[in-house]
Every structure is written in C-alpha cells, then in structure tokens.
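Number of protein chains: 2
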Amino acid sequence: MSDQKVHKPKAVSGFPEWLPEYRAVELEWMDKIRKVFESYGFCNIETPAVEEIDALLAKGGETEKEIYTLTRLHAEEGDKEARLALHFDLTVPMARYVAQHFGDLTFPFKRYQMQKSWRGERPQKGRYREFYQCDIDVVNIDELPLHFDAELPAVLFEAYQALGIPPVELRISNRKILMGYIAGLGISDPGIVTRTLDKLDKIGAEAVLKMLAEQGIAADIAQKALSFVNIKTFDSGFAEQVQSLGVSSDLMTQGISELKFVIDNLGHLPKGAVVADLGIIRGLDYYTGTVLEARFAEDKTAAKPMPPMAIGGGGRYDDLAGSFIHQKLPGVGLSIGLTRLFGLLMDRGQIPAGRKAPTDVLVVLPEEARRAEAAQVAQTLRAKGLNVELFHSDSKIKRQLAYAEKKGIPYVWFPSFKDGQPHEVKNMLNGEQAAAEAATWQPAKA
Amino acid sequence: MSDQKVHKPKAVSGFPEWLPEYRAVELEWMDKIRKVFESYGFCNIETPAVEEIDALLAKGGETEKEIYTLTRLHAEEGDKEARLALHFDLTVPMARYVAQHFGDLTFPFKRYQMQKSWRGERPQKGRYREFYQCDIDVVNIDELPLHFDAELPAVLFEAYQALGIPPVELRISNRKILMGYIAGLGISDPGIVTRTLDKLDKIGAEAVLKMLAEQGIAADIAQKALSFVNIKTFDSGFAEQVQSLGVSSDLMTQGISELKFVIDNLGHLPKGAVVADLGIIRGLDYYTGTVLEARFAEDKTAAKPMPPMAIGGGGRYDDLAGSFIHQKLPGVGLSIGLTRLFGLLMDRGQIPAGRKAPTDVLVVLPEEARRAEAAQVAQTLRAKGLNVELFHSDSKIKRQLAYAEKKGIPYVWFPSFKDGQPHEVKNMLNGEQAAAEAATWQPAKA
Chain A
1 MSDQKVHKPK AVSGFPEWLP EYRAVELEWM DKIRKVFESY GFCNIETPAV
51 EEIDALLAKG GETEKEIYTL TRLHAEEGDK EARLALHFDL TVPMARYVAQ
101 HFGDLTFPFK RYQMQKSWRG ERPQKGRYRE FYQCDIDVVN IDELPLHFDA
151 ELPAVLFEAY QALGIPPVEL RISNRKILMG YIAGLGISDP GIVTRTLDKL
201 DKIGAEAVLK MLAEQGIAAD IAQKALSFVN IKTFDSGFAE QVQSLGVSSD
251 LMTQGISELK FVIDNLGHLP KGAVVADLGI IRGLDYYTGT VLEARFAEDK
301 TAAKPMPPMA IGGGGRYDDL AGSFIHQKLP GVGLSIGLTR LFGLLMDRGQ
351 IPAGRKAPTD VLVVLPEEAR RAEAAQVAQT LRAKGLNVEL FHSDSKIKRQ
401 LAYAEKKGIP YVWFPSFKDG QPHEVKNMLN GEQAAAEAAT WQPAKA
Chain B
447 MSDQKVHKPK AVSGFPEWLP EYRAVELEWM DKIRKVFESY GFCNIETPAV
497 EEIDALLAKG GETEKEIYTL TRLHAEEGDK EARLALHFDL TVPMARYVAQ
547 HFGDLTFPFK RYQMQKSWRG ERPQKGRYRE FYQCDIDVVN IDELPLHFDA
597 ELPAVLFEAY QALGIPPVEL RISNRKILMG YIAGLGISDP GIVTRTLDKL
647 DKIGAEAVLK MLAEQGIAAD IAQKALSFVN IKTFDSGFAE QVQSLGVSSD
697 LMTQGISELK FVIDNLGHLP KGAVVADLGI IRGLDYYTGT VLEARFAEDK
747 TAAKPMPPMA IGGGGRYDDL AGSFIHQKLP GVGLSIGLTR LFGLLMDRGQ
797 IPAGRKAPTD VLVVLPEEAR RAEAAQVAQT LRAKGLNVEL FHSDSKIKRQ
847 LAYAEKKGIP YVWFPSFKDG QPHEVKNMLN GEQAAAEAAT WQPAKA
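These protein sequences, in sequence, are chains A and B. Counting along the first sequence from 1, when you hit position 58 you're at 58 in the working numbering, and nothing is skipped either side. Remember, the working numbering sits 446 above the position in the second sequence when you count from 1.
Now the structure itself:
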C-alpha cells in the first residue's frame, strides 16, 4: 500500500461516465444508430475535438459564452492567448470540413458524425458539459431537394426505434410559416416575439401573454400569435387552421406547402409518430425552413410520464458554410442528443444494465500443468467468434465459478481434470452441465 | 451566395482528420481492434475527455508541460483559474476511474478503452496533438498473476494482425533486469544512465558512450551497459547473455525469470514476432516489471523500410492508483497508438482508400410519380440488412448512374419504368444487368 497522500476522486459535475455494464448499453446504442444511419447511405466522418476559435465564432449566437478554450499548462510567453477551443456542436465542424475538403467530396454529401461536444454550461439536471451527439446531414451545392426534409426524419425515427426506448414523436414545423405569419401580423421585430413564444412550454400561456404585452404587442395580436403556436395536428390539417387565422403572406404559403409535403411524405411512420406542431421554433438564427424536435410521446396513463424535453432535433439551413467558402451550400440536418437521452433514462432507472464483461465463456484452469490445454480450448472457442477468458490461476473451482457468477459470464468450460476425461460446459443461467468439445460446441441462442 | 467575409479554412497542425473513404478504414480498424479485445473478455469503458488538473498531475512526469487546460471563453471573474484539462493518456483516467468506482468493479478488472488523448507537443512528423489510443489493462487487488504479462502481448499481436498491416514485432524486456544490472554495476543514479541508454536508437552508440562519460561513468562500465542494452534474442537465450556479463543481483535474477516466463508463454506466436530486447527501457517513472514496445519488423529487403518507431507499448506497474485510493492495485497494460500507426501508413500511401459511402445499392428514381414504389424497394432492401440510397430527384438516368459511379456504389437498382415491367439491377463493377426482385435479390459475395 502506498503511503503517499490520497485524493479520493469524485465525479466532475457535468462530465458523465458510466459503469462497464451501462457503457456496454451505450456502445450497443451507438452501434444501432450507426447501422440505421449507414443503411440510408450516410458516410461517417470525424473531425478533431478542437477548432480554431475564429471558426467556432463564425456563426455567432448564444453558445459563444459556453466555449471552452485551450491553453497549454506551461505555455511559453506570447503563447498565452488561446487560439484553439473545443467544438460545442458538430454542425460548425462539419461546415468547416465541407468547405476545407470541398473538391474531394461527392454531393449531395450525406454524412453522419457521432462525437462528443463540450459546453461550459452551468450544470443542471439534463444538461451536460460533455455529451455525445449523433448527427446526420445532407448538404448539396446551390439547391437541395425538399425530399431530404422528409427522408431525414424517417431515418431519425428508425434510429430511436432501434434503441427500444419509449415511443418518440417528431414535432415538425417550418420557419417560413412562423416568419410569414409574424410579418403578416405587422410585428416589426420578429426575433423578440418568436423568442418569447418559444418559452410557452416552459412558462405557460399567461406568462407569455404578459411578456408580449411588455414588449409592446397589442393584446389581440398576442392572442393570435398564441393561437398560432398552439396549432398541432397529426396530418396536414394544420394548413386549414393556420389559414383560418386570417393572416397570409407568400412566405407563409410557401412554408405551408413545404410542411404539408414533409408531413405527407412521412405517412408511412406509425400513427402519432409525426405531429405538425407550429409551436416548434428552435435555433432562430440558423434554420430557414423545416424545423424538427423529437420528444417522447405523451402518455397520460404512465405512472411517471416522460418529461417534455427535446431528445433530438434539427432542420433546414440555406447556407451552411458561407463564412468558410464562396459556395451556397444548403442542407438539412438532424441530431440525436445521445448523452441527454441516455442520461435521462439512466436517472429514471430505465436503462437495464448490460453485461459487466463481453465474455461468453470462462475456461476454468484445473491446475497449472493444464494451462496449455486450457489456453488451447480458449483459442479454439475464440476462433469461432466467441469471447473467452481463461481463468488466471488454478484457484479452487468454487472461486473460479464465483468469478464467472460475479461478472455475469453465461458459460463456464471445464477442461480435462485428468488425461482423457471429456470436457464439460456449465450453463450458469440454468445450472445445466454437459460434456462438450470445443471444436463443435455452440452456446444456446439468446 | 453569401456576401459575408470568407475565411478559407485550413487544417490545424497536429489535429488530423480524414476524408470519408479513409475514415471508413479507420472505423473498420477500430471495429477489428474492439473485436479482438472483446474476444479476450475485456469490457469497454469511456472516461470524459476532461479531468481535474490535480488528478492529471498526480503521477507527475514529462507530459505535464503538454497538458491542455480548459477555460471558458467568457469566464466570470474568479473563474479564470483553470481547474480542468484534457487527458494526455488513458492510464491516468483509468486509475481515477478504478479508484472512484472501486466498489462497483469486479477484479481482476479487464478493461479496454479507445479514445482520443491530447498533448500540446510541438508538431513534428509522426506526432499528433490529438490522437486515438486503444488501451487494454488488467488491474487486480494486491497481486496480479504474471500470466497476464504474457496474455496481453498475445492480444496486442492479434489486434495488429487483424489490421492487415506489415508484420509487427513485440520487443519485450523487464525493468527488474535493467535496474538490477545497473545497481550491480555500482551506478548510484540509475535514472540518468537509463535515460541516456534509452537514446541509443536515436543517437547511436558513440554518442551514448560520450554522454555516459560526461555523466561520470567509467569507460568499462559504460561499455558493459551498452553491451547489456544490445542483447536481443528471439527466445530465452537472452538470460545466458545477461549472466555472461558478470553482474548479478536478486532483482536481476527475478527479472530474468519473469522475462523468460513471458517469452516462453508467447511461444505460440509466429517466429520472429517476439523479441527479448534488453534495450527496451520506456516510461522510467512508471513501469516496474515487464516493458514492451511494438514496432514494425525489420525487413531489409523492402524498397522503403518501415521506420523503427514505436506503434504501441506498455508494461507492468505495481501500484496504479496509489494517489487516489488506499489500495495496492498492480496492473499490466498495453496500448496501440492508433492515430500514429494510421497516420504513418497514410503518409506512406499504404492505406488503401475504403468506400466513399457505405451504400450498397442506389435505387434509381425513374420519375417523380414512381417515388413511392422506389422508396418501397429501398425499404425492402434495407430490411434485409443492405445500405440503400434512393436517388433524390428524377434526373436523367445517366446522371443518376454517374452519382453511383462517383460514390463507388456497387449496385444500381432500376424500378419499373412502366407498370408491370420487371425491376433490374446493374452491377457497377462488371456492368452486368439482370432482372431482380427486391424481396429475394442478394448482392454477390465480396
């Protein structure tokens, strides 16, 4: 035992890590998401965790103050000024990547990216400072067909489904409807009003009306705006409801037609999975058409209903990389907030623990003299694709079995204890034990 | 096109990223390494990129000055002092993890970890500031059987083999032999001498002898030390050579016996894969027994020989987490320098490009009116596990084929152009085209 001073470590707030049996589940989730993304032809890219600060600031916006900059612990003089920082999302790095490698990419460029991002937020429930996001984006030169606005939500939905989590709904709107409507109401500064309306879920209708009044919006206009963001339909019915509000503009008409197209083209998803929700506002400075937010579907019969927070989202942007390249690159992208989703379900005890080790078979070591034989068994089983541990010492069999039990290893293999004795395998789940040969044995199907 | 100012982005030195067709290979490598690690029962963990600076400094050492600390871009006053930093390897985070979750882990704890680390090094060829490492470690309480010192190199070797790279050799020594020998020579400060000897590969014998002389080592002793680090044998023959140098000590005898054990127990690896190399010194402040370095095997017939640099390594340590917990936790760990290895082979043009997209089949869109039918084909093929893109617009067939060609998509599917017409599939590699049904078609085996 060391006699040096001991600093008992504790978790750093906002930087999650999981025990092996839960990391196994997270890894399985990532494999499943990747499989769905690839099944639609998205290629993977990975960008460094680090970008030049200038590149990260090119888009501006709220996130700026949360950026973590890097400095070397013992920086030389003149080297003190941070030039590099951790990315806070995967969209800015992708924009920089597309601009930088423009000539080497094939368009429409369909990429997925599953990486961590970092934000120096004040820690609070459901917010992480380091978190995984799983992004898909399609980017094209000059124009991008609207069909992608309908394809990507289907991909996203399939990915959620693959995880075996409670039902998810995709709430979709189109910024053109909102902006057209607000302009039609004669509101001069749409930014303030939309930001206020965006708070509806959090603060409720009364507080929103009060804020709008303070912002100088007449009561009848405020009421109309509120009616607008309350429109939610499972089909294209939203269009009639919007039109019945008595405001119209070309932009609004275009937005309605785009949203109808998207909703209609998602008709193959299960009933209730897609909602046209004009209350979805999101990323004001960024999106220009389709906007989407994924949430757990409301289940009023649930004992402990899922919270109404976003577990994914995204939308359409007209010009991805204008700050990096003289090319108009419209795109549409969606993102799964993996850590947020996983952490939420962990907190609620809804992630069933996976295995503590990937080991399928523990090979017992009967005595040191039989190590070569035991190692041979292990190697034969591995060659068949099984995950195998050889117990490290010829301890009492009881102790070797206890190790398998504690690690949740489903099979224990007994090599010969005497020359010529047949091998046996014990199924740790049902206790059955039977003779077996390494070359031919197969575990029962899970 | 945007009229804002454009900052054409360029790569940040030391932070590599790859085009999709090479990232596909890197991802495939990571899958293969993971499969080998899991086949020996190692579980995966992932720790945050970020640790408290105090935790990173607990081990001390050379790396300290390369640590990147984090500061929020707009930190509040009093929040300026950096408390967090990026990890520079995966061993310190694992030590902290094991100490923190001690009660929840099963020992011997066998974990693998495949993550990026960061070091603010001066950029130079073969050195990266952000790089992947793939680590396996076994950690136990109080004692760890020597068998793991022989098992881990076998796992490492299998992982390299899985990558299909030029032959790798594992150079193995044991710090006890070196330290015992140096003590036996009567050298009082072994640290300086071993650090000098460690430079042999880089600066050559003459320069080493000169440095040793400057350090006050007598010429005959220096020559002996040099003879020692030049001992290299493919079997246990090293033992006799060491003993013939006429120095002995208990520590040395113990080290020889341990190294013999390890070399003998790796006898099943291909001839030449394992070298007892007493010139392997590594991580002076850290390792206490077995030390290992993986390099490409020398091939004197090669037109462009592989450089003699380390592409992996590790060893045995007596006390992993003494600065974090009052438990003696001996371990043995090895690491593949993935980015270093991948980057080296990239630079040499030895990474064959993978596919630009994972897409197996591009489904042609004959005309907009047939989109539902084409989408149905795509979904049927996906349900069979294929990766499928539906072309986004009913462009000329020639253009749709050109897209498949450019992305390297191996099959193009033609749905009916008229009602009742059979579907056809074109093999883009050999140009063959034949009628096919989505429900039953399978691609040719690769």
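Glycine residues also receive a C-beta, built at the ideal position from the N, C-alpha and C atoms. All values reported here derive from a predicted model rather than from experimental measurement.
Review point. Looking at the structure shown, is R794 of chain B part of a helix, part of a strand, or coil, going by DSSP?
Key: coil
Exercise for review: Name, going along the chain, the residues of the segment 98-109 of chain A whose beta-carbon falls closer than 7 Å to a beta-carbon of chain B.
Suggested key: A99, Q100, H101, D104, T106 and P108
Practice item. With DSSP collapsed to three states, give me the class of N620 of chain B. Key: strand
Check your understanding: E512 of chain B CB to nearest chain A CB: under 9 Å?
Key -> yes
Review point. Are the CB atoms of V138 of chain A and G333 of chain A nearer to each other than 9 Å?
Key: yes
Review point. Do you know offhand how far M252 of chain A's Cα is from V262 of chain A's?
Key: 15 Å
Practice item. Grab the span of the beta strand (DSSP E) containing R762 of chain B for me, first residue to last. Key: G758 to Y763
Point to revise | In DSSP terms, what Y558 of chain B is bridged to | key: B:N490 and B:I582
Check your understanding: Should Q327 of chain A and A99 of chain A be called a contact, given that it needs their Cβ atoms to be closer than 9 Å?
Key -> yes
Exercise for review: Please report how far the alpha carbon of T380 of chain A lies from the alpha carbon of A276 of chain A, in whole angstroms.
Suggested key: 56 Å
Practice item. Please confirm whether V823 of chain B and V858 of chain B have their CB atoms less than 9 Å apart. Key: no
Point to revise | Short CB-CB distance (under 9 Å) between R23 of chain A and chain B | key: yes
Check your understanding: Looking at the C-beta of A504 of chain B, does it have a partner C-beta in chain A at a distance below 9 Å?
Key -> yes
Exercise for review: Can you pull the chain A residues whose beta carbon is under 8 Å from the beta carbon of F603 of chain B, in chain order?
Suggested key: Those within 8 Å of F603 of chain B in chain A number zero; the least Cβ separation is about 13 Å.
**Study point:** Contact set between Y40 of chain A and chain B, taken where Cβ atoms lie within less than 8 Å
**Key:** R828, N833, V834 and E835
Review point. Does any residue of chain A bring its CB to less than 9 Å from the CB of V452 of chain B?
Key: yes
**Study point:** Meets three-Cβ-pair contact criterion under 8 Å: the segment 290-300 of chain A and the segment 165-185 of chain A
**Key:** yes
Exercise for review: May I have the straight-line CA-CA distance separating D250 of chain A from G315 of chain A, to the nearest angstrom?
Suggested key: 21 Å
Review point. Nearest-angstrom Cα distance between V601 of chain B and A671 of chain B?
Key: 32 Å
**Study point:** Any chain B beta carbon closer than 9 Å to W29 of chain A
**Key:** no
Check your understanding: Terminal residues of the continuous beta strand (DSSP E) containing K872 of chain B?
Key -> E870 to N873
Practice item. At 8 Å on the CB atoms, spell out the chain A contacts of S839 of chain B, in chain order. Key: P145 and H147
Check your understanding: Based on the DSSP output, what are the partners of G322 of chain A in its beta bridges?
Key -> None; G322 of chain A has no bridge partner.
Exercise for review: Would you kindly work out how many angstroms separate the C-alpha atoms of M447 of chain B and A885 of chain B, rounded to a whole number?
Suggested key: Because the pLDDT of M447 of chain B is 43, which lies under 50, any placement of that residue in the model is unreliable, and the number read from its coordinates should be weighed accordingly. Near 45 Å, if we compare the C-alpha coordinates of A885 of chain B and M447 of chain B.
Review point. Is the Cβ-Cβ distance between A596 of chain B and L784 of chain B less than 9 Å?
Key: no
Review point. At which residue ranges does the segment 817-862 of chain B contain complete beta strand (DSSP E) runs of 3 or more residues, listed in the order of the chain?
Key: 834-836 and 857-860
Check your understanding: Among A:K271, A:I203, A:A402 and A:P415, which has the Cα closest to the Cα of T233 of chain A?
Key -> A:K271
Review point. Who are D595 of chain B's beta bridge partners in DSSP?
Key: Partner(s): none; D595 of chain B has no beta bridge.
Check your understanding: What span of residues does the beta strand (DSSP E) with E739 of chain B cover, start to end?
Key -> T736 to F742
Review point. Do you know whose CA, among B:L715, B:L724 and B:A719, lies nearest I702 of chain B's CA?
Key: B:L724
**Study point:** Exposure of L609 of chain B, with buried meaning 16 or more beta-carbon neighbours within 10 Å
**Key:** buried
**Study point:** Of the listed residues B:G566, B:G662 and B:A821, nearest to E512 of chain B (C-alpha basis)
**Key:** B:G566
Review point. Sorted by chain position, which residues of the same chain lie with C-beta nearer than 8 Å to E432 of chain A's C-beta, five sequence neighbours on each side aside?
Key: K426
Exercise for review: Using a cut-off of 8 Å between C-beta atoms, extract the partners of A531 of chain B located in chain A.
Suggested key: L73
Practice item. Establish whether the CB of I409 of chain A and some CB of chain B are separated by less than 9 Å. Key: yes
Practice item. Name, please, each residue of chain B whose Cβ falls closer than 7 Å to the Cβ of G120 of chain A. Key: R518
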